[in-house]
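Reviewing the structure listed below.
Protein chains in written order, with our numbering: chain A, 256 to 720; chain B, 256 to 720.
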């Protein structure tokens, strides 16, 4: 094999620099989750096929990576299917679907939500409710790879399940605010409520079809208000309703103005009024937090996910134009699909890849998130190594990442290694330095050099770093 | 679906407690790796099938989890194969093997070594050598699940590649010692050298078949010296050689005594003498480190992996009887399989699951590795919540994990939640406390309670925690 090996399309290798930067993002998110009392869980990469199938719609089902049964999987293929395939090779797409269930019983998780619902149902007797958990793990989707869309990517989910208090929603706003503050990113948090959407549909005479109503509304940004109106008319919404809806869904106006408009339009919709009440309570709670990020009521926000039943949340970057970098909402029946009804929860998910792209584009990764080794001892031969080793240990004892070049090669090559690895400080102890018990310390960024007593080296390094 | 959902056999869910304990192990290992200048990388869970196949032997190949091509995979099955399967259903095992390559192009990684070799070869132009990397990721094997053996488990690999200095081996000993010291585990580090094994085979007249020689030797613990001798005799080793070999391979005797015996037995074996020289250099280097763990030359150590060419390392627990908890060695041609010859490296891998089992059995997980939330504010209603929130924030500002119970339910239930989640401190601010600006702080382990001024709460909590 002489051609360079490669990796499957849509997947990525992460070398040291992107890894350190990604860990900085994950660590920031994780530390905030933990500060608010969320606990870590992990589920297996593989789930039983029947846990995942039918949960993501027909399109989603196709994008689930299935794992071939190990051993003699072909014995599971029935003769009848085979005969059909032999006789009608053109029917292979259909047969692929039928075969898949016979030669595959496991699949890679597609998101963290369904495995979490499965986890809660399966371990309901051990779990203490309300259950505050977070989960940071990769998911896999057989999507067509394109810029910014991968077949393996991490999700960072945080949820409270078993409590319908709106304090949970408020806390998630605070977590969002704290995460992005810590990362140095400017964001806007958009909020909506599924009950308000249901109310709007109801008050517009489309109660039976909230989905149609919201699908149209969701497209406002793309197709513009005129096209939205046209679609609504075609769905049978009256001119009068449309006239009242227009100012409400417009992006202009303060949250209070929007709420006033909603109260008027939804005065006869019980579910709509419930939604407004939730929204007002939430705004009141949030107000006390004095968030850094602005919070905007965006009545076009639907996030396409039908399992939301209350708050819908989405975070957009104010630094650059990019899709949402965090989102989530309230769901009242997540575990219902596994036979455990009536457990309400609320959660959000951070898009680590997009957060990475924003930080990268505005150059906001801090230096410490891009530094591996902090101190390199050059190698002048075994006698000097013997002197360097305890000194390196004393530096490490302070938590400073420190290495010794393994081979006594040319100093130029060793300095080049420090340079290429962006190691900020180099310590040189040659024969001369060894004899006077002083190390020559070089700051790579400035080229500055100074002699430091062995006994003061660890302290001095701490000052420089 | 009313039966409880489950997960594939051999896989595991990790709830909060095992997750915190596992993270304690991973964080300890990771922090030591980083202190010594090793840098993180990650590779995709999926590799191309041809990257993995043929690297783990026939048995290994069978244990690789293959991923079904997405979309219409059946179109890749040739008519000829299908016809055969229809006519000879009994040939399905053979056909499974042939089919697999047509309906699957990707597989889950089986270890971190082959993906690392692939990574180095693929990115050779970007990598700065010597390349010190670590990788902590799960691997998947279609092994028959049994106690302590899982189909998904983490490996923690650390390697230096592109340097043949024995300083690297010495450093790995230091890393092993530091990791297990930090974890509070007593271990013995066993060492051998592939060149010495080759020399022993050569001096015994089995130069052409080092593997046969070592396979027998490797079984010493299991089958005993007499049986080993019998096998050797049957392979044609002379009585004289066996007599000389016996004391050398015996577990008794100091390292120096063993080396003296080796020097005598291997005086005519160039490769054997090279191995002794490497061993002596390494012992000299290690001696300077004053390791806590004893280092024992164990000439029966082979670790079954044919790609080792120099040092072979294995770590055993002295606390409980369990398989090796860390192991590795020097390999001179890891990337050769991908067409990049002559790159020497050395590395070790920590077995996190076994380390977990040892810590668990001797009860050595520290309290901080088993504590999630540290402080719980009880919820007495919205007015009190408004007071609690800024106080909770001031506690979090000190890095203390703190949560507020989301619902104003019965205090008994809230205290039970603290108890079940092992939250050590509970803060109560009811109407009375709110009026006098003092919180009632309860230490859960002792039941002790005291009143603390709001202004001093954060500081007081820090003292307690």
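By construction, the Cβ of each residue, glycine as well, lies at the ideal position given by its N, Cα and C atoms.
Source: prediction; values computed, not measured.
Can you tell me whether residue i is buried or exposed? The criterion is at least 16 other CB atoms within 10 Å of its CB, across all chains shown.
i, result
"residue 376 of chain A", "buried"
"residue 385 of chain B", "buried"
"residue 669 of chain B", "buried"
"residue 708 of chain A", "exposed"
"residue 704 of chain B", "exposed"
"residue 710 of chain A", "exposed"
"residue 607 of chain A", "buried"
"residue 449 of chain A", "buried"
"residue 701 of chain A", "exposed"
"residue 260 of chain B", "buried"
"residue 515 of chain A", "exposed"
"residue 673 of chain B", "buried"
"residue 691 of chain A", "exposed"
"residue 619 of chain B", "exposed"
Does the Cβ-Cβ distance between residue i and residue j come in under 9 Å?
i, j, result
"residue 325 of chain A", "residue 347 of chain B", "no"
"residue 428 of chain A", "residue 411 of chain A", "no"
"residue 404 of chain A", "residue 265 of chain A", "yes"
"residue 717 of chain A", "residue 655 of chain A", "yes"
"residue 557 of chain A", "residue 680 of chain A", "no"
"residue 378 of chain B", "residue 270 of chain A", "yes"
"residue 413 of chain A", "residue 603 of chain A", "yes"
"residue 357 of chain B", "residue 302 of chain B", "no"
"residue 364 of chain B", "residue 300 of chain B", "yes"
"residue 531 of chain B", "residue 517 of chain B", "yes"
"residue 362 of chain B", "residue 290 of chain B", "no"
"residue 520 of chain A", "residue 499 of chain A", "yes"
"residue 298 of chain A", "residue 371 of chain A", "yes"
"residue 725 of chain A", "residue 511 of chain A", "In this structure chain A extends from 256 to 720, so residue 725 of chain A is not present and cannot be described."
"residue 612 of chain A", "residue 567 of chain A", "no"
Cutting at 8 Å between CB atoms, please list the residues of its own chain near residue i, excluding the five before and the five after it.
i, result
"residue 425 of chain A", "537, 540, 541 and 544"
"residue 562 of chain A", "586, 588 and 589"
"residue 649 of chain B", "712 and 713"
"residue 753 of chain A", "Any answer about residue 753 of chain A is impossible in this case: the structure gives chain A only from 256 up to 720."
Pick out whichever of the options has its Cα sitting closest to the Cα of residue i.
i, options, result
"residue 369 of chain A", "A/393, A/355 and A/311", "A/311"
"residue 638 of chain A", "A/418, A/609 and A/687", "A/687"
"residue 283 of chain A", "A/435, A/374, A/302 and A/265", "A/435"
"residue 640 of chain B", "A/423, A/305 and A/400", "A/423"
"residue 430 of chain A", "A/700, A/462 and A/582", "A/582"
"residue 447 of chain B", "B/569, B/619 and B/463", "B/569"
"residue 496 of chain B", "B/460, B/466, B/514 and B/464", "B/460"
"residue 296 of chain A", "A/566, A/720, A/415 and A/620", "A/415"
"residue 564 of chain A", "A/701, A/421 and A/653", "A/421"
"residue 445 of chain A", "A/419, A/678, A/534 and A/609", "A/534"
"residue 222 of chain B", "A/673, A/532, A/501 and A/272", "In this structure chain B extends from 256 to 720, so residue 222 of chain B is not present and cannot be described."
"residue 676 of chain A", "A/613, A/493, A/699 and A/665", "A/699"
"residue 409 of chain A", "A/594, A/304, A/609 and A/672", "A/609"
"residue 287 of chain A", "B/305, B/628, B/342 and B/719", "B/628"
"residue 479 of chain B", "B/494, B/383, B/465 and B/501", "B/501"
"residue 595 of chain A", "A/263, A/511, A/391 and A/417", "A/417"
"residue 232 of chain A", "A/267, A/510 and A/458", "Shown here, chain A extends from 256 to 720; a query on residue 232 of chain A therefore has no answer."
"residue 319 of chain A", "A/360, A/335, A/472 and A/605", "A/360"
Which same chain residues end up closer than 7 Å to residue i when comparing Cβ atoms and leaving out the 5 residues on each side of it in sequence?
i, result
"residue 355 of chain B", "321"
"residue 636 of chain B", "663"
"residue 666 of chain B", "633"
"residue 504 of chain A", "472, 475, 554 and 555"
Go through its chain and collect everything with a Cβ distance to residue i's Cβ below 6 Å, but skip five positions before and after it.
i, result
"residue 432 of chain B", "546, 547 and 548"
"residue 643 of chain A", "632, 659 and 684"
Compute the minimum distance between the beta carbon of residue i and the heavy atoms of the ligand ATP, and state whether it is under 8 Å.
i, result
"residue 532 of chain B", "In the structure on display, the ligand ATP does not appear, and there are no ligands present to speak of."
Between the stretch 262–280 of chain B and the stretch 621–634 of chain B, do at least 3 Cβ pairs fall closer than 8 Å? Short answer: they touch.
Would you check if there are 3 or more beta carbon pairs closer than 8 Å linking the stretch 514–527 of chain A to the stretch 436–455 of chain A? Touching, yes, given that three or more Cβ pairs across the two stretches are closer than 8 Å.
Closer than 7 Å, Cβ to Cβ, to anything on chain C: give me those residues from the stretch 262–273 of chain A, in chain order. Of the chains in the structure shown, none is chain C; the protein chains are A and B.
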